[in-house]
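In my numbering, the protein residues as written are 85 to 132.
One structure is given below, encoded as structure tokens.
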């Protein structure tokens, strides 16, 4: 029962994240954020 609850929680939370738009160009992301008056959140990663 607990596993089913946790699974349904993860599935429902992932549905809300579908509206996230990821930009690969920082300048484009910054201009869009200024346009809609939102902060810019960045994720840095490196290929290993």
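Every residue, glycine too, gets a C-beta built ideally from N, C-alpha and C.
Span of the alpha helix (DSSP H) around residue i
i, result
"residue 112", "110 to 120"
"residue 92", "86 to 100"
Backbone CA spacing between residue i and residue j [nearest angstrom]
i, j, result
"residue 129", "residue 89", "32 Å"
"residue 127", "residue 110", "11 Å"
"residue 100", "residue 118", "23 Å"
"residue 108", "residue 98", "21 Å"
"residue 122", "residue 85", "39 Å"
8 Å contact criterion, which residue i and residue j should meet: CB distance rounded
i, j, result
"residue 124", "residue 113", "6 Å"
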